[in-house]
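S.K.: Residue numbers (our numbering): 40 to 273.
1) Would you mind sorting residue 65 into buried or exposed? The rule is 16 or more other CB atoms within 10 Å of its CB.
2) Go ahead and label residue 159 buried or exposed: buried means 16 or more other beta carbons lie within 10 angstroms of its beta carbon, across all protein chains shown.
3) Can you have a look at residue 161 and say buried or exposed, based on whether 16 or more other CB atoms are within 10 angstroms of its CB?
4) What did DSSP end up calling residue 198 once you bin it into helix, strand or coil?
5) In chain order, which continuous runs of the alpha helix (DSSP H) of length 4 or greater are located wholly inside the stretch 198-236?
6) Consult DSSP for residue 48 and reduce its assignment to one of helix, strand or coil.
7) Quick one: Cα of residue 83 to Cα of residue 135, how far?
8) Out of 226, 259 and 222, point me to the one whose CA is closest to residue 236's CA.
9) Is residue 158 helix, strand or coil when you go by DSSP?
10) Can you say whether residue 227 is buried or exposed, counting buried as having 16 or more other CB atoms within 10 angstroms of its CB?
11) Taking 8 angstroms as the threshold, find out whether the stretch 182-195 comes into contact with the stretch 90-110 through three or more Cβ pairs.
12) Could you give the distance in angstroms between the alpha-carbon of residue 230 and the alpha-carbon of residue 224?
13) Quick check: what's the CA-CA separation for residue 279 versus residue 180?
14) Mind checking residue 273: buried by the 16 CB within 10 Å criterion, or exposed?
15) Give me whichever residues DSSP pairs with residue 74 in a beta bridge.
16) Tell whether a beta-carbon distance below 7 angstroms holds between residue 112 and residue 142.
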């Protein structure tokens with residue numbers, strides 16, 4: 040990544056920030072949005088519809104002020120997102136709402152999950168509070184909403200969701216999977232046993248490196264929202 044200005048999306052638990060930055064790391068301008076959580080049903084979930092509006096409008100705004108050439112996203116490690124086949128489906132691409140990890144699981148699911156979660160190295164972390172861990176969120180979603188879960192095409196981390204939303208290309212990435220997802224054995228560089236045991240391999244896209252260029256923003260999306268042909272990274 041050389042030259043030009045980079046659009047950097049930072050999705051935290053409390054706030055979402057979209058910044059224009061130099062390739063040397065100097066922040067030129069930042070737009071912010073509270074990361075709102077909506078009530079169920081089927082569970083408390085993040086407002087990705089509002090986030091999509093913020094990101095697309097924000098990219099258009101920043102591109103008028105800065106010579107944006109690249110897009111990079113980062114996000115916390117407890118945000119698994121189940122998406123459909125079409126990134127434009129419902130203007131978010133979601134198959135199911137994105138679970139807020141700070142809420143407790145329904146009674147009985149914690150114990151049932153613990154029996155399947157594997158060793159410490161399979162998980163990559165201890166089993167932590169509430170709905171932390173993407174694998175545990177998937178287990179909840181599959182148990183509570185089996186029909187919608189069966190129709191999901193991919194399970195993506197937060198950065199990869201935005202890359203897919205912009206390019207249509209779905210990938211997995213090791214650093215986000217290694218951040219307490221319970222889906223990735225970091226030592227073995229392989230999917231954790233729960234992925235095969237529950238038939239979730241179909242939801243896991245091929246691996247990419249975080250720096251990989253996945254291509255430009257989809258031309259139809261760029262045209263609808265007045266966006267430049269940014270190169271999107273995994």
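Every residue gets a Cβ at the ideal spot worked out from N, C-alpha and C, and that includes glycine.
M.R.: Taking the coordinates as given:
1) exposed
2) exposed
3) buried
4) helix
5) 213-216 and 232-236
6) strand
7) 12 angstroms
8) 222
9) coil
10) exposed
11) no
12) 6 angstroms
13) Any answer about residue 279 is impossible in this case: the structure gives the chain only from 40 up to 273.
14) buried
15) Answer is none; residue 74 lacks a bridge partner.
16) no
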